[in-house]
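Below is one structure; the comments refer to it alone.
Protein chains: 2
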Amino acid sequence: MPTTSDTAPASLTPAVRPNDAQNQADHPASLVAEFGPDEPLLLDSGHRLDHLQIAYQTYGTLNADKSNAILVCHALTGDQHVANRHPVTGKAGWWSDMIGSGKPIDTDRYFIICSNVLGGCMGTTGPASTNPETGQAYALDLPVITIRDMVRAQAKLIDRLGIDTLFSVAGGSMGGMQVLQWASTYPDRVFCALPIAAAARHSSQNIAFHEVGRQAVMADPEWRGGRYLREHTSPKKGLAVARMAAHITYLSDDALHRKFGRKLQARDRPTFGFDADFQIESYLRHQGMTFVDRFDANSYLYLTRAMDYFDLAADYDGRLASAFKGTRTRFCVVSFTSDWLFPTVENKAVVRALNAAAASVSFVEIDTDRGHDAFLLDEPELFATIRGFLSSASHARGIGLKP
Amino acid sequence: MPTTSDTAPASLTPAVRPNDAQNQADHPASLVAEFGPDEPLLLDSGHRLDHLQIAYQTYGTLNADKSNAILVCHALTGDQHVANRHPVTGKAGWWSDMIGSGKPIDTDRYFIICSNVLGGCMGTTGPASTNPETGQAYALDLPVITIRDMVRAQAKLIDRLGIDTLFSVAGGSMGGMQVLQWASTYPDRVFCALPIAAAARHSSQNIAFHEVGRQAVMADPEWRGGRYLREHTSPKKGLAVARMAAHITYLSDDALHRKFGRKLQARDRPTFGFDADFQIESYLRHQGMTFVDRFDANSYLYLTRAMDYFDLAADYDGRLASAFKGTRTRFCVVSFTSDWLFPTVENKAVVRALNAAAASVSFVEIDTDRGHDAFLLDEPELFATIRGFLSSASHARGIGLKP
Chain X
1 MPTTSDTAPA
11 SLTPAVRPND
21 AQNQADHPAS
31 LVAEFGPDEP
41 LLLDSGHRLD
51 HLQIAYQTYG
61 TLNADKSNAI
71 LVCHALTGDQ
81 HVANRHPVTG
91 KAGWWSDMIG
101 SGKPIDTDRY
111 FIICSNVLGG
121 CMGTTGPAST
131 NPETGQAYAL
141 DLPVITIRDM
151 VRAQAKLIDR
161 LGIDTLFSVA
171 GGSMGGMQVL
181 QWASTYPDRV
191 FCALPIAAAA
201 RHSSQNIAFH
211 EVGRQAVMAD
221 PEWRGGRYLR
231 EHTSPKKGLA
241 VARMAAHITY
251 LSDDALHRKF
261 GRKLQARDRP
271 TFGFDADFQI
281 ESYLRHQGMT
291 FVDRFDANSY
301 LYLTRAMDYF
311 DLAADYDGRL
321 ASAFKGTRTR
331 FCVVSFTSDW
341 LFPTVENKAV
351 VRALNAAAAS
361 VSFVEIDTDR
371 GHDAFLLDEP
381 ELFATIRGFL
391 SSASHARGIG
401 LKP
Chain C
404 MPTTSDTAPA
414 SLTPAVRPND
424 AQNQADHPAS
434 LVAEFGPDEP
444 LLLDSGHRLD
454 HLQIAYQTYG
464 TLNADKSNAI
474 LVCHALTGDQ
484 HVANRHPVTG
494 KAGWWSDMIG
504 SGKPIDTDRY
514 FIICSNVLGG
524 CMGTTGPAST
534 NPETGQAYAL
544 DLPVITIRDM
554 VRAQAKLIDR
564 LGIDTLFSVA
574 GGSMGGMQVL
584 QWASTYPDRV
594 FCALPIAAAA
604 RHSSQNIAFH
614 EVGRQAVMAD
624 PEWRGGRYLR
634 EHTSPKKGLA
644 VARMAAHITY
654 LSDDALHRKF
664 GRKLQARDRP
674 TFGFDADFQI
684 ESYLRHQGMT
694 FVDRFDANSY
704 LYLTRAMDYF
714 DLAADYDGRL
724 ASAFKGTRTR
734 FCVVSFTSDW
744 LFPTVENKAV
754 VRALNAAAAS
764 VSFVEIDTDR
774 GHDAFLLDEP
784 ELFATIRGFL
794 SSASHARGIG
804 LKP
C-alpha cells in the first residue's frame with residue numbers, strides 16, 4: 001500500500017537551486033514506480049520505452065476495496081505536486097485549495113494520485129531524464145509522445161498500485177485532455193470523469209501559439225539542437241519568451257485590464273525606453289524568469305507537441321461520439337466564460353458527443369473573467385461543482401466518509 | 404508640385420537582396436523630404452531631432468486649391484509603398500486594391516500621400532538610419548518616439564508640400580491611431596478622418612503581446628544590445644518569433660480554423676517530430692522568415708513601443724471626448740466583428756467620445772471572420788464604406804472628379 005506524502009520531506013529546500021530541475025528529472029522528491037524491459041510502454045509513434053520511471057504523489061488513504069481512488073491529471077506546466085509544497089519552488093501545490101481534508105476533493109474520503117506526465121521533467125521519464133542506455137539525458141532521442149501515451153503510462157501506475165477501477169479521473173487543460181482520453185481508452189476503469197477547461201482536439205490557433213513557443217526555444221543558441229544538458233548550456237531566454245507568450249493566452253483581456261490596465265510599474269511617467277514601464281510587462285517578465293528555473297525546455301517542446309497532436313475523434317473517423325460509445329462513466333464537463341484557449345464551444349462539443357453516446361453528463365459553464373487559468377484559482381462555483389459531482393458519484397459508488 | 408510615383412522605377416528588383424532593408428533606410432526608393440537643424444522635430448520624450456528624413460510616395464494629382472489631399476497612415480509593419488510594387492519584396496502595395504483609378508480611394512479624384520512613419524525602416528528616420536553625427540546607424544541612440552511624434556513629422560511633410568488642410572487622413576491599426584492623433588492635434592487641418600480597426604489606447608493584452616515580441620528580439624544574441632548593424636550580425640531568429648506571435652493576433656480563431664484547421668502539411672500522418680507537421684505551423688514559419696528580410700528589428704521595438712504608449716485620453720485627464728472638443732472634422736469609424744486585437748468595443752469607445760464631443764461621426768462594424776487583418780483584405784463592405792464616406796465628404800468639400 002502506498003504511503004501518503006502530504007508533508008514535503010524535511011530535506012526539501014524552499015528556494016530554487018541551480019540544476020534543481022535536472023535533479024528532479026532523475027531523482028524526484030516523490031514516490032517512484034519503475035518499469036523495465038519486461039513491461040515496455042508501447043507508444044503511438046510505434047516506438048517502445050524499455051525503461052519507464054513514473055514519479056507520483058498520493059494524498060489520503062486507499063480504502064479496502066480500492067474503490068475511492070481519484071487520479072488527478074496535471075496541465076502543461078504543472079506536475080505531481082498538486083497538494084504539497086513544491087520541492088523546487090517551495091510554493092503550495094497547484095491545487096492545494098482543491099485537495100485536502102474537508103476540501104472539494106476530500107482526502108478524508110478519497111485516495112488521490114497525481115503522477116508527473118510522460119515527457120515531463122519532475123521525475124517521470126522525459127527528455128531531461130537520463131537514458132539508461134547512454135548515461136546522457138534523452139534530449140530529442142526520446143520519441144515524441146501523445147496524450148494517449150501519457151494515459152497508457154498512468155494506467156501502468158494504476159495497475160502497479162493494484163487499482164482496477166478509478167473512482168474518478170479529473171484535470172484541467174492538458175489534464176482535461178487526459179481525462180477524456182482515459183474515459184475513451186479505459187471506459188470500464190473510470191467511474192466518473194471531470195474534464196475542466198479542456199477540448200477533444202487542439203485548435204489551429206492553439207497549435208499556432210505552441211509553435212511560436214517552440215520556435216522561441218529552438219531559436220535560442222543555447223538550446224544546441226536539444227543537447228543543452230550535456231553541453232552545460234541553458235536555453236532560458238527562449239523558454240522565458242515561450243512562457244510569456246503562453247501566459248497571455250491563459251488570462252483574459254478583461255482580467256488583464258482589471259489587474260494591470262495601463263498602470264505603470266513604480267513610476268509616474270513613462271521612461272521612453274525599453275525597460276518594463278508597464279506593470280503587465282514586469283509581470284510577464286517575472287512569469288518567464290521564474291518558469292525557467294523549474295521547467296525543462298525540451299519537456300516544453302514534447303508536451304506542447306502532445307497537445308497539438310490530440311484529436312480524440314480522429315481515431316474514430318472524425319466522430320467524437322464514437323470515442324465514448326457504450327460508456328457507463330458519469331461525466332461532468334466544466335468550462336469558463338472568459339477562457340479563449342479552451343472556450344466553451346470546444347467543451348460543448350464534448351458534451352454533445354457524450355449526449356450522442358447516451359452518456360450520463362452534466363455541463364457547467366462558470367461565469368468568470370479570469371480566463372483559462374480559472375481552473376487553478378479560487379473559483380467558488382468550480383469548487384462547489386466538483387464537490388457536488390464527486391459527492392453524488394461517491395454515493396452511487398458506495399464510498400463512505402471514512403475509508 | 405510633387406510628381407506621382409504610380410509606377411515603380413525600373414531599377415527596382417522584385418526579389419529580396421541582402422541588406423536591401425538597410426539600403427532602404429538611408430536611400431529609399433521613394434520621394435524624400437529632408438529637415439535640418441533649422442527645422443528640428445521636437446519629441447514627446449523631450450529630445451529633438453536635428454536631422455529628419457521622411458520617405459513618401461504619392462499617387463494622383465494635387466488640385467489647384469490643394470483641397471484633395473489624403474494622407475494614408477500605415478500600420479506597424481506597413482510602409483509608404485501603399486499602392487505600388489514594393490522595392491524590396493516586389494509584391495503589390497499593401498492597399499493596392501483600395502487606391503487607384505476608379506478604386507475607393509480614387510487617384511482620379513484625390514492626391515494620396517503615404518509616408519514611412521518616424522521610427523520606420525524604409526527611408527524615414529529610424530533606428531536603422533545613419534546618424535549624421537556619428538556615421539553609424541542610430542540603433543538605440545534614437546530617442547523613443549510616440550504616435551504623436553509620428554504625426555508631428557507627417558505634419559512637417561504636409562507643410563513642405565504646401566498643403567494647409569488635408570481632405571482626409573485614413574489608416575488601419577497603428578495607422579488608425581495616427582488618424583485619431585491627427586484629428587486631435589490638428590483639428591483644423593483634417594476635413595474628414597477614417598480610423599479603421601483602431602483604438603484610442605493600447606490595451607494591457609496588446610502591450611503584453613508587444614512585450615513578448617520585444618523580448619524575443621532582445622533575447623537573440625545577434626541583437627547585440629541593438630548594435631547589430633555595426634557588428635554585422637542580424638537578430639533574424641528573434642524577430643521571426645516576434646512576427647509569428649504577432650501574426651496570430653492579426654487573424655481570428657475562426658479564420659485559422661477555416662483556412663488551416665488541423666490539416667497536415669503535405670503528408671498523410673504526423674511525423675512525430677518537431678518539423679512543421681501542421682499547415683498552420685508552416686504558414687507561421689513562412690510569415691516569420693519573409694518578414695525579417697524586409698524589416699529592421701530595432702524598428703520593430705520602436706514602433707511597438709510607440710503603440711504601447713498611445714493613450715489619447717491621458718493628455719486630457721482621461722476624458723477622451725476632450726481630445727476632440729469642438730472638432731469640425733467628419734469621422735467614419737470602422738471595426739471588424741472578429742478583430743480581437745482592436746475589438747469593436749475599443750472602436751465604440753472612440754465613437755462614444757466623438758458623440759460626446761458633438762462631432763459628425765458614422766460607425767460601421769463589418770461582419771467578417773478574418774480578424775484584425777481584414778482592413779488589409781478584399782472586404783467589399785470596407786471598400787463600399789470608404790468609397791461612400793469619401794464621396795459624400797468630397798461633395799461637401801467641393802472636390803470635383805477631375806482635379
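Protein sequence lines, in the order shown, are assigned to chains X and C.
So in this note's numbering, spot 347 of the first sequence is number 347, and the numbers just go up one at a time.
Here this note's numbering runs 403 ahead of the position in the second sequence, where the first position is 1.
From the three backbone atoms N, C-alpha and C, an ideal C-beta is built for every residue, glycine too.
Between residue i and the rest of its own chain, which residues show a CB-CB distance below 6 angstroms, the 5 nearest in sequence each way excluded?
i, result
"X/Arg-148", "Asp-44 and Gln-181"
"X/Ala-227", "According to the sequence displayed, residue 227 of chain X carries Arg and not Ala. Cβ within range, chain order: Ala-139."
"C/Glu-649", "Residue 649 of chain C is actually Ala in this sequence, not Glu. Only Gly-616 meet the Cβ criterion."
"X/Ala-33", "Ile-54, Leu-157 and Arg-160"
"X/His-51", "Pro-132"
"C/Gly-529", "Gly-522, Gly-523 and Ser-702"
Tell me whether residue i is buried or exposed, calling it buried when 16 or more other Cβ atoms sit within 10 Å of its Cβ.
i, result
"X/Phe-58", "Residue 58 of chain X is actually Thr in this sequence, not Phe. Classification of X/Thr-58: buried, given that the 10 Å Cβ count is 16 or more."
"X/Ser-30", "buried"
"X/Arg-243", "buried"
"C/His-775", "buried"
To the nearest angstrom, report how far apart residue i and residue j are at their CA atoms.
i, j, result
"C/Glu-782", "C/Pro-443", "41 angstroms"
"C/Asn-426", "C/Val-491", "10 angstroms"
"C/Val-748", "X/His-395", "48 angstroms"
"C/Ile-516", "C/Val-764", "24 angstroms"
"X/Val-190", "X/Thr-329", "6 angstroms"
"X/Ala-183", "X/Thr-327", "8 angstroms"
"X/Gly-388", "X/Asp-106", "12 angstroms"
"C/Lys-728", "X/Trp-94", "51 angstroms"
"X/Thr-304", "C/Ser-741", "26 angstroms"
"C/Ala-716", "C/Tyr-653", "25 angstroms"
"C/Leu-545", "C/Leu-632", "14 angstroms"
"X/Ala-349", "C/Phe-677", "28 angstroms"
"X/Ala-92", "C/Ala-756", "46 angstroms"
"X/Asp-38", "X/Ser-282", "51 angstroms"
"X/Glu-365", "C/Trp-626", "46 angstroms"
"C/Ala-556", "X/Val-351", "56 angstroms"
What residue range does the beta strand (DSSP E) around residue i cover?
i, result
"C/Thr-461", "455-462"
"C/Ile-516", "514-518"
"X/Ser-335", "330-336"
"C/Ala-472", "472-476"
"X/Val-361", "360-366"
"X/Ala-193", "190-196"
Kindly indicate which three-state DSSP category residue i falls into: helix, strand or coil?
i, result
"X/Ser-168", "strand"
"X/Leu-42", "strand"
"C/Glu-437", "strand"
"X/Leu-264", "strand"
"C/Gly-503", "strand"
"X/Asp-293", "coil"
"C/Asp-482", "coil"
"X/Phe-278", "strand"
"X/Arg-48", "strand"
"C/Ile-566", "coil"
"X/Asp-106", "strand"
"X/Ala-356", "helix"
"C/Asp-714", "strand"
Among the residues of its own chain, which have a CB less than 7 angstroms from the CB of residue i, if the five just before and after it don't count?
i, result
"C/Ala-643", "Gly-691, Met-692, Phe-694 and Val-695"
"X/Arg-201", "Phe-310, Asp-311, Leu-312 and Ala-313"
Just reading off the alpha helix (DSSP H) that residue i is part of, what are its end residues?
i, result
"C/Gly-791", "783-800"
"X/Val-151", "147-160"
"X/Trp-182", "174-185"
"X/Thr-249", "236-250"
"C/Gly-616", "607-622"
"C/His-660", "656-662"
If the cut is a Cβ gap below 7 angstroms, which residues of chain D does residue i touch?
i, result
"C/Lys-640", "Of the chains in the structure shown, none is chain D; the protein chains are X and C."
Can you name, in chain order, every residue of its own chain whose Cβ lies under 8 angstroms from the Cβ of residue i, other than the five neighbours on each side?
i, result
"C/Thr-674", "Asp-680"
"X/Arg-370", "Leu-251, Ser-252, Ala-255, Phe-336, Ser-338, Leu-377 and Glu-379"
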